[in-house]
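Participant: Residue numbers (our numbering), protein chains in the order written: chain A, 1 to 342; chain B, 343 to 684; chain C, 685 to 1026. The beta-carbon is built from N, C-alpha and C at its ideal position, and this holds for glycine as well. Please read these numbers as outputs of a predicted model, since none were measured by experiment. One structure follows; several queries about it will come next.
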Amino acid sequence: MSLFAFAIGVGTQNSKGEWLEVFYAKPVLNPDADIEQALRGILGYTGGNVAKLVTSDQLNGLSDALASSSTEQSELAKTCMSTQKPCVVTILEIDEASTSTPEVYLKLHLLSHRLVKPHGINLAGIFGLLPNVAWTNLGAIDIAELAERQLEARLQGELLSVNSVDKFPRMTDYVVPSGVRIAHTARVRLGAHIAAGTTIMHEGFVNFNAGTLGTSMVEGRISAGVVVGDGSDLGGGCSTMGTLSGGGDIVISVGQNCLIGANAGIGIPLGNRCTVESGLYITAGTKVQVLSEDKAVVETIKARELAGKDDLLFRRDSVSGAVQCVTNKSAVALNSELHANN
Amino acid sequence: MSLFAFAIGVGTQNSKGEWLEVFYAKPVLNPDADIEQALRGILGYTGGNVAKLVTSDQLNGLSDALASSSTEQSELAKTCMSTQKPCVVTILEIDEASTSTPEVYLKLHLLSHRLVKPHGINLAGIFGLLPNVAWTNLGAIDIAELAERQLEARLQGELLSVNSVDKFPRMTDYVVPSGVRIAHTARVRLGAHIAAGTTIMHEGFVNFNAGTLGTSMVEGRISAGVVVGDGSDLGGGCSTMGTLSGGGDIVISVGQNCLIGANAGIGIPLGNRCTVESGLYITAGTKVQVLSEDKAVVETIKARELAGKDDLLFRRDSVSGAVQCVTNKSAVALNSELHANN
Amino acid sequence: MSLFAFAIGVGTQNSKGEWLEVFYAKPVLNPDADIEQALRGILGYTGGNVAKLVTSDQLNGLSDALASSSTEQSELAKTCMSTQKPCVVTILEIDEASTSTPEVYLKLHLLSHRLVKPHGINLAGIFGLLPNVAWTNLGAIDIAELAERQLEARLQGELLSVNSVDKFPRMTDYVVPSGVRIAHTARVRLGAHIAAGTTIMHEGFVNFNAGTLGTSMVEGRISAGVVVGDGSDLGGGCSTMGTLSGGGDIVISVGQNCLIGANAGIGIPLGNRCTVESGLYITAGTKVQVLSEDKAVVETIKARELAGKDDLLFRRDSVSGAVQCVTNKSAVALNSELHANN
């Protein structure tokens, strides 16, 4: 059998020796048998999902054992020997619920390194294992130790600047995937999946276990769990409902080549080539007049019945005030398709 | 009589000796008589609201005088003796309009340390006493001295990074109150009141003299003067009108257990258990069709007449385009209640 | 003939010697003949638009040559002699399409130093000449060199914090123009034009080649190319469509003394004294009921026909759901004006 994932990390612990965060420079999905063998030989790994605090000697041994089979990891292990910070080797035999902070950080890294896609890894229980951390200009600091550190810094004429107080750090302090622009990194959490070809503008936002699959211009908010298909753009300030906050059981997603207008929002998943007019918020319960190609009202249904369907344009008629859905299908074809899955 | 507030601070002055900002590690509301006595004895305090620049000797004397009665302040005074930065002791005998920059900073600290609630302290005249400051990675810098400092830093191969040019600093560089998460601290000003149990997400914002009173998920904007009750959530990008900008004379507030949807907005105060549908903006002048429990239109009134009432759901009918208010009251009870305060 | 622009800069290059960014402390528009003469004499400048890497000796010569005629530039040249960073003298004979990264940076500086207004300078081809850069707490870093630098920093117990991955840096790390407040500088790009008297609040945003011309409170998004006239306010989260993203060929602008409400948006240029109600998005294709002073519907037209006209109030009737435009003109005068330019 083969391992699910493996990574050498360097992290931060609080004064009690509890992990605050772990940085994995080069995480590996499905490592080779050579790596597993080295882990068994050098670290005494005997299976399961574990995060082992390692010594400089162990890193040296690991580096030697991997020298011929996995040059990159061998070099990483050697490089890590120099640090005064705690180092950890995290090994996941299988993808199951996490049991330690280093495990959770590895999973978030796998997402942001684009080794797994959103919903492609088991994130059960991560909130309880992620400590709330003060992310500062001096690195991660335990909240309980912060006030004293801030006073000390002030008295020394320095600034201890707290950029975030959160369970998740920002992604770019851990990895900047290739081929992306992220104008304001404070709005992309570790665990986001940003595909090559994606630009996240200043108003864009991407939560963990969420992101893009291809070329996208993102000026709106991609909530936890939301995936945006290739070629789709999110206009400035637009909203996608997350399953954590009001979206209910429906997992929101956006298909390919969609456009969600500025200040618009969706509470239903969109299929491919769909457009939501700027300023219009479609919730699952919104009643929608479905128009045929010749602009006749075919029927009035709840938006949730249009979830995932292709080629739809949502707008609010600016004279009648009714929310409408326009398609490029004939009325007959449309009507039969709408009821195909009812 | 007893003092209103007292604090030992360390701050920053510009090259003219004017205060740019003051950091108070442990401000005290209604200090004990022992503290007042020490201030009179050591600093020659004779009453009134004053901010006294203090020497290392004076801090030492204060520390000794408070050693038995107020250990925390005694230790703070001793710790501050080590700094090269200017130290100040600010004493407010009564809560009245401010007369100095250190006084204003003390009041903003009292709010963010949750020692007073929004609207619970006199903030008259603070804008004129708060200098506009360049908040940088090297601390507060006078705007007039900035350009030269930036060039010097560049030539030395360093970055003088200006994070904000504003009268208010961000709260978390002064205090991180317990029990909160603030995903992006640049959007919470000093003077905000963030209750334990509150999470401010990346899109959340809290101005000074505003904030939460209990458990809240805040993904929208809490304008100056706006208070959000326990159990209420603000959806992504939602807006609360501030009295400084368009809200007029009405002080906006949100009661308990309310939900303001994503990209929605309010220009009236909400009572308890109210909901505003995602994407709907209710201004004071919005005409609202009030529906009874059986969905009959009871009457059409301006939203300001619904200000502060409980158990209301605001939505825009997605077929007729009319803004409506649904309650769980019978039509008769509702109608009489609506007119009870007219 | 006289030169178009000139500036002495200090910048950052990657390990291949390619420019990542250039900082010009004191750019000059239309420099005096004395400056041109010095450039010809000291740097061998023979005309055209050029960016010359200069030595300490050349800076010294330039300083001497400018000592009597241009004290400020002379002192700047002398000050720059001390740096280990590469220095550049950029000279633009005429305002035409850019051909180098230092040229583009000079043009963006001219905008943000308010020496030229938005649309007042040739920005053709700038995207191709602006490298995508990791903007960090340690300055500009080439994306290709970032991962290794991040690992090194971690191992040394330091944080290499990536604040932005973008072609444009934030403006305030280059220049803070006088008389402004910018509460959250990460949202204002170099190349923005922020007039004295403008306050950009936390939710405000200003792209390059865009900005304000006078006193404005900006809590919304000013897209690339959008100019806001004196006395106009942009409410929280409001949107202006950019020509880069969905606005099409129409260049959006906002006249004087306008108010765009919170969470509203415009896809047409506004004239003077116009108001858009909070929460209402007007696109060019929105059908609008034009009301006369006595609230009669004069006609129903597309919003693009109202582009640039003065004294309009846009709102959505909250009972009928229709988007309406109210003016303070009589119906007859209004109707004839509407058709004057058709």
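Taking the C-alpha atoms as reference points, what is the distance between residue 247(A) and residue 168(A)?
Facilitator: Any reading at residue 247(A) must be qualified, since the residue scores a pLDDT of 45, below 50, and its modelled position is unreliable; no value is offered.
Participant: Using only alpha-carbon positions, find the residue among 27(A), 22(A), 14(A), 5(A) that is nearest to residue 177(A).
Facilitator: Ranking 27(A), 22(A), 14(A), 5(A) by Cα distance to residue 177(A) puts 27(A) first.
Participant: Could you check which residue in 41(A), 20(A), 215(A) has the C-alpha nearest to that of residue 130(A)?
Facilitator: Selected option, being the one with the closest Cα: 20(A).
Participant: Quick one: using the 10 Å Cβ neighbour count with 16 as the cut-off for buried, is residue 159(A) buried or exposed?
Facilitator: By the 10 Å Cβ count, residue 159(A) comes out buried.
Participant: Just tell me which of 440(B), 378(B), 666(B) has its CA closest to the CA of residue 411(B).
Facilitator: The candidate whose alpha carbon is nearest that of residue 411(B) is 378(B).
Participant: Rounded to whole angstroms, what is the Cα-Cα separation between residue 5(A) and residue 656(B)?
Facilitator: Their Cα atoms are separated by approximately 49 Å.
Participant: Assuming residue 646(B) contacts residue 535(B) (C-beta within less than 8 Å), just tell me the rounded distance between them.
Facilitator: At roughly 26 Å, the Cβ-Cβ gap does not stay under 8 Å, so residue 646(B) and residue 535(B) are not in contact.
Participant: So residue 764(C) is in the alpha helix (DSSP H); what residue range does that whole segment cover?
Facilitator: Element bounds for residue 764(C): 755–764.
Participant: Quick one: give me the first and last residue of the alpha helix (DSSP H) that residue 107(A) is part of.
Facilitator: Unbroken alpha helix (DSSP H) run through residue 107(A): 101–112.
Participant: Could you tell me how far apart the beta carbons of residue 467(B) and residue 486(B) are, in whole angstroms, since I believe they sit closer than 8 Å?
Facilitator: The pair is not a contact, with the Cβ atoms about 23 Å apart (cut-off 8 Å).
Participant: Is residue 292(A) close to chain B? Criterion is C-beta to C-beta, closer than 7 Å.
Facilitator: Not an interface residue.
Participant: Can you tell me where the alpha helix (DSSP H) holding residue 486(B) begins and where it ends?
Facilitator: Residues 485–497.
Participant: Are the stretch 649–664 of chain B and the stretch 269–289 of chain A touching, with three or more C-beta to C-beta distances below 8 Å?
Facilitator: Because the criterion of three Cβ pairs below 8 Å is met, the stretch 649–664 of chain B and the stretch 269–289 of chain A touch.
Participant: Less than 6 Å between C-beta atoms, sequence neighbours within five positions excluded: which residues of the same chain meet that for residue 218(A)?
Facilitator: Same-chain partners within the cutoff: 200, 204, 234.
Participant: For residue 405(B), does the three-state DSSP call read helix, strand or coil?
Facilitator: It is helical.
Participant: Okay, do the stretch 715–735 of chain C and the stretch 771–786 of chain C touch, 3+ Cβ pairs below 8 Å being the bar?
Facilitator: With a cut-off of 8 Å, the stretch 771–786 of chain C and the stretch 715–735 of chain C count as touching, because enough Cβ pairs lie within range.
Participant: Can you find a CB in chain A that lies within less than 7 Å of the CB of residue 826(C)?
Facilitator: So no, residue 826(C) is outside the interface.
Participant: Hey, would you say residue 110(A) sits closer than 7 Å to residue 80(A), going by beta carbons?
Facilitator: Not in contact: residue 110(A) and residue 80(A) (Cβ atoms no closer than 7 Å).
Participant: Can you check which of these residues, 738(C), 880(C), 788(C), is closest to residue 768(C) by C-alpha distance?
Facilitator: Of the candidates 738(C), 880(C), 788(C), the one whose C-alpha sits nearest the C-alpha of residue 768(C) is 738(C).
Participant: Are the beta-carbon atoms belonging to residue 652(B) and residue 615(B) less than 7 Å from one another?
Facilitator: Cβ distance < 7 Å, so residue 652(B) and residue 615(B) count as in contact.
Participant: Using a Cβ-Cβ distance under 7 Å, would residue 114(A) count as near chain C?
Facilitator: Chain C contact via Cβ: absent.
Participant: DSSP puts residue 266(A) in a beta bridge; with which residues?
Facilitator: For residue 266(A), which the question treats as bridged, DSSP gives the partners 240(A), 282(A).
Participant: Of all Cβ atoms in chain C, is any one closer than 7 Å to the Cβ of residue 208(A)?
Facilitator: For residue 208(A), the answer is no, since every Cβ of chain C falls outside 7 Å of its Cβ.
Participant: Within 7 Å (strictly less), CB to CB, does residue 184(A) reach chain C?
Facilitator: Yes, residue 184(A) counts as interfacial toward chain C.
Participant: For chain B, is any of its Cβ atoms less than 7 Å away from the one on residue 159(A)?
Facilitator: Yes, its Cβ sits closer than 7 Å to a Cβ of chain B.
Participant: Residue 650(B) to residue 105(A), Cα distance in whole Å?
Facilitator: C-alpha separation (whole angstroms): 45 Å.
Participant: On a CA-only basis, which of 818(C), 939(C), 747(C), 972(C) is nearest residue 722(C)? Give me that one, please.
Facilitator: Out of 818(C), 939(C), 747(C), 972(C), 747(C) has the C-alpha closest to the C-alpha of residue 722(C).
Participant: Have a look at the DSSP bridge pairing and note the partners of residue 253(A).
Facilitator: Per DSSP, 227(A).
Participant: How many Å lie between residue 117(A) and residue 29(A) at the Cα?
Facilitator: Taking the straight line joining both Cα atoms gives about 12 Å.
Participant: Are there 16 or more other CB atoms within 10 angstroms of the CB of residue 107(A), so buried, or fewer, so exposed?
Facilitator: By the 10 Å Cβ count, residue 107(A) comes out buried.
Participant: Quick one: list the residues of chain A neighbouring residue 605(B), beta-carbon separation under 9 Å, in chain order.
Facilitator: Near residue 605(B) (Cβ distances below 9 Å), the residues of chain A are 237, 238, 239, 263, 264, 265, 279, 281.
Participant: Can the beta-carbon of residue 1044(C) be found less than 7 Å from the beta-carbon of residue 505(B)?
Facilitator: There is no way to answer for residue 1044(C), as the model of chain C reaches only from 685 to 1026.
Participant: How is the beta strand (DSSP E) around residue 546(B) delimited, first residue to last?
Facilitator: Note, residue 546(B): premise wrong, no beta strand (DSSP E); not H, not E.
Participant: Should residue 198(A) be flagged as near chain C, meaning a C-beta pair shorter than 7 Å?
Facilitator: So no, residue 198(A) is outside the interface.
Participant: Using a Cβ-Cβ cut-off of 7 Å (strictly less than) and excluding sequence neighbours within five positions of residue 777(C), which residues of its own chain qualify?
Facilitator: Counting only Cβ-Cβ distances below 7 Å, and skipping sequence neighbours, we find 687, 688, 731, 732, 733.
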